[in-house]
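Just so we're on the same page, the numbering used here is the position in the sequence shown counted from 1, plus 180.
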Amino acid sequence: MAAPLAAAHGGTARQSHLRIEAIIAGVMERLRVHHGLSDIQIERAQRAAEASGERLDLALNKLGLVSDDALMKVYSEVTGVKVAENTASPDAIPDGIDPLFLKTNRLLPLEITDDVIRVAVADPVDLRSAHALALRLNRTLDVCLLLRADIERSLSMIAQRTPVDATNLSEHSPEVAADDIDRLRDIASEAPVIRLVAETIESAFTRGASDIHITRNAEAGRVRYRIDGQLSDVRGLSPRLHQAVISRLKIMAALDIGERRLPQDGRIQISAKGREIDLRISTMPHAHGEGAFIRILDNRAANLELAGLGFNDAQTNRIRQILSHPHGLFLITGPTGSGKTTTLYAALRHLNDPSKNIVTVEDPVEFTIAGINQVQVNRKAGLDFARTLRSVLRQDPDIIMIGEIRDRETAAIAVQAALTGHLVLATLHTNDALSAIDRLLDMDVEPFLLGSILRGTMAQRLVRKLTGKGVFSGRAPLAEIVPVGQELQDAIINRRGHAQLSRIASALGYETLADAGKSMVETGVTNAAEIARALGE
181 MAAPLAAAHG
191 GTARQSHLRI
201 EAIIAGVMER
211 LRVHHGLSDI
221 QIERAQRAAE
231 ASGERLDLAL
241 NKLGLVSDDA
251 LMKVYSEVTG
261 VKVAENTASP
271 DAIPDGIDPL
281 FLKTNRLLPL
291 EITDDVIRVA
301 VADPVDLRSA
311 HALALRLNRT
321 LDVCLLLRAD
331 IERSLSMIAQ
341 RTPVDATNLS
351 EHSPEVAADD
361 IDRLRDIASE
371 APVIRLVAET
381 IESAFTRGAS
391 DIHITRNAEA
401 GRVRYRIDGQ
411 LSDVRGLSPR
421 LHQAVISRLK
431 IMAALDIGER
441 RLPQDGRIQI
451 SAKGREIDLR
461 ISTMPHAHGE
471 GAFIRILDNR
481 AANLELAGLG
491 FNDAQTNRIR
501 QILSHPHGLF
511 LITGPTGSGK
521 TTTLYAALRH
531 LNDPSKNIVT
541 VEDPVEFTIA
551 GINQVQVNRK
561 AGLDFARTLR
571 SVLRQDPDII
581 MIGEIRDRET
591 AAIAVQAALT
601 GHLVLATLHT
611 NDALSAIDRL
621 LDMDVEPFLL
631 GSILRGTMAQ
641 RLVRKLTGKG
651 VFSGRAPLAE
661 IVPVGQELQD
671 AIINRRGHAQ
681 LSRIASALGY
691 ETLADAGKSM
701 VETGVTNAAE
711 IARALGE
């Protein structure tokens, strides 16, 4: 298989591009004919692909419309690349190969001889990285197919067996005193530490992690990734190496490297896989040393369309219906990490129009959107949500997005803005959509005002999606969306309780989170245990 692939990847970039287009066309045709892929499913994936910039076949897989196994089988049929027979991972990465390059490009070297390197890939459509690897080692390339999850698992197992800090940074060296700033900078600038931090961040991004947790107990430190909402251990850190990693992150985020008694917050921007990635970092003093939390902000999320978020058609239409109002209040609720901000950004993109002045008040500004004025709250400088909102209202806005309504003053200004002809989008922390009404009433918003301005409430969670093999991969929104019409408005104004509001919404046909979860189980998006986990049952 080595020679044909090598030949196919020679020539100009245009020839390579045409080859990729031909393969994708063949893949799509087989998926239609032999795997029952419908036009509606393809259209859904096309919208998602346009929003994310991914290939259509990858978008289908990400949405759960084509399983990993099915896609690998079709890849093999179209390209002629055989599925790997021996899936055992090697004991170590051969000399001369950068582990980070392998992780980033999902390449698993299986065998190296004097003339040939045999590499397992998950994506045989674009083999430029595999050919670059073979060229660097002066070998002929022989490729085979392996599931992405198997490749990532093998590479992780190899990484755990391979010491990263095998130079002059000793595992058993004593920790550096907190006030020895120069020495802290020295250990944070050593090559193995720089390499470990870079590898940790890029590996987390490549594996689709939303967060990195670096913590410390009495014996050692550890690194964990949050992937699809679940935390999993990645590696352990010696006390000295843990200290060096925290110091390195502080330097990258321009934080005070000597301050270990107080929490600090900062931002880091890096390039990964050709994209700019923002990292939000927060350090915190723990009983046995400092910990660090890193939120990975992929700027692709700022380009998502409502249709590409994973809501079903009825839910997407309800959101659009609420956003069609020229003024009023739309609330999105849910716990931290439930996808509220992503939904808000997609809503802003839906509303974005040169004829409208759209202003956001956020803490922090997670993604930038062209054509929208985004304001970062700065509490240290006295610029909190309420003060910022008052200033925004003097800037002639048409649409205002509030990152979170946290107190009575912010709630009062948001209501006033909605009353005076603005469309206001905001988030709250409540368990369900209708509890947002109770929350605002608790903040002393008058019922007659709330009833007159509220256009809709929405609650959401993120649940892990099932693949064809019955394993989880990726997440989808679990949501209840309640447009507030005349009946609910009257009930709010007349101070009806939560139970009666729920009965009215149910009579109008609005499904609860539990109802939406049942539908997702019935359609195979996820399973009952995952719904129960997301709902805390």
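Cβ coordinates follow ideal geometry from the N, Cα and C atoms, glycine included.
Check, Outcome
"Helix, strand or coil for Gly469 per DSSP?", "strand"
"To which residues does DSSP link Asp413 through a beta bridge?", "Arg404"
"Helix, strand or coil: how does DSSP classify Ile549 here?", "coil"
"Cys324 to Gly216, Cα distance in whole Å?", "26 Å"
"What distance in whole Å lies between the Cβ atoms of Ala368 and Ile431, which are believed to be in contact at a cut-off of 8 Å?", "6 Å"
"Can you look up Ile437 in the DSSP assignment and give me helix, strand or coil?", "coil"
"I'd like to check one pair, Arg387 with Tyr405: are the Cβ atoms closer than 8 Å?", "yes"
"Please report how far the alpha carbon of Ser699 lies from the alpha carbon of Leu620, in whole angstroms.", "30 Å"
"Using the DSSP secondary-structure output, state which residues sit across from Gln554 in a beta bridge.", "Thr540"
"DSSP three-state label for Thr568, please.", "helix"
"Once the 5 residues before and after His609 are set aside, which same chain residues still bring their CB inside 6 Å of it?", "none"
"Taking Cβ positions, are Leu321 and Met252 nearer each other than 8 Å?", "no"
"So, helix, strand or coil for Ala671, using DSSP?", "helix"
"Return the residue from the list Asp576, Leu630, Ser682 that minimises the CA-CA distance to Ala591.", "Leu630"
"Any contact between the region 200 to 218 and the region 443 to 462? By contact I mean 3 or more CB pairs, one from each, below 8 Å.", "no"
"Tell me whether Gly206 sits in a helix, a strand or coil according to DSSP, three-state version.", "helix"
"Consider the C-beta atom of Asp445 and the heavy atoms of the ligand ATP; say whether any pair is separated by less than 7 Å.", "Because no ligand of any kind appears in the structure shown, any question about the ligand ATP cannot be addressed here."
"With a threshold of 7 Å on Cβ separation, who are the neighbours of Ala718 within its own chain once the five nearest residues in sequence on each side are excluded?", "Residue 718 falls outside the range modelled here, since the chain spans only 181 to 717, and no answer is possible."
"Under 8 Å between the Cβ atoms of Phe547 and Pro657?", "no"
"Would you mind sorting Met638 into buried or exposed? The rule is 16 or more other CB atoms within 10 Å of its CB.", "buried"
"Compare the Cα-Cα distances from Gly677 to each of Leu313, Pro627, Ile711, Gly514 and report the closest residue.", "Pro627"
"Could you tell me which residues DSSP puts in a beta bridge with Val261?", "Val261 is not bridged to any residue."
"Which residue comes first and which comes last in the alpha helix (DSSP H) that contains Arg375?", "371 to 386"
"Does Ser218 get closer than 8 Å to chain B when you measure Cβ to Cβ?", "Among the chains of the structure shown, chain B does not appear; only one protein chain is present."
"If you count every other CB in all the chains shown that lies within 10 Å of the CB of Ala561, and 16 or more means buried, which is it?", "exposed"
"Using three-state DSSP, classify Glu584 as helix, strand or coil.", "coil"
"Please report the distance separating the alpha-carbon of Glu351 from that of Thr522.", "Only weak support is given to the placement of Glu351: the predicted model assigns it a pLDDT of 49, under 50, and the value that follows is read from those uncertain coordinates. If I take the Cα positions, the gap works out to 41 Å."
"Looking only at its own chain, which residues have a Cβ that is under 6 Å from the Cβ of Asp445, when we skip the five neighbours before and after it?", "Ser462"
"Would you tell me roughly how many angstroms separate the C-alpha atoms of His393 and Pro515, rounded to the nearest one?", "19 Å"
"Looking only at DSSP bridge pairs, what is Phe281 linked to?", "DSSP output for Phe281 lists no bridge partner at all."
"Going by CA-CA distance only, name the one from Glu257, Arg333, Arg570 that's closest to Asp589.", "It should be pointed out that residue 589 corresponds to Glu in this sequence rather than to Asp. It is Arg570."
"So, with DSSP's three-state summary, where would you put His678?", "helix"
"Could you tell me which whole alpha helix (DSSP H) segments of length 4 or greater appear in the region 589 to 646?", "615 to 622, 627 to 633"
"Is the region 638 to 652 close to the region 408 to 417, with three or more CB pairs under 8 Å?", "yes"
"If we ignore side chains and look at the alpha-carbon of each, how far apart do Glu660 and Arg363 end up?", "54 Å"
"Between the Cα of Arg365 and those of Leu688, Arg308, Glu439, Ala671, spot the shortest distance and give me the residue it belongs to.", "Glu439"
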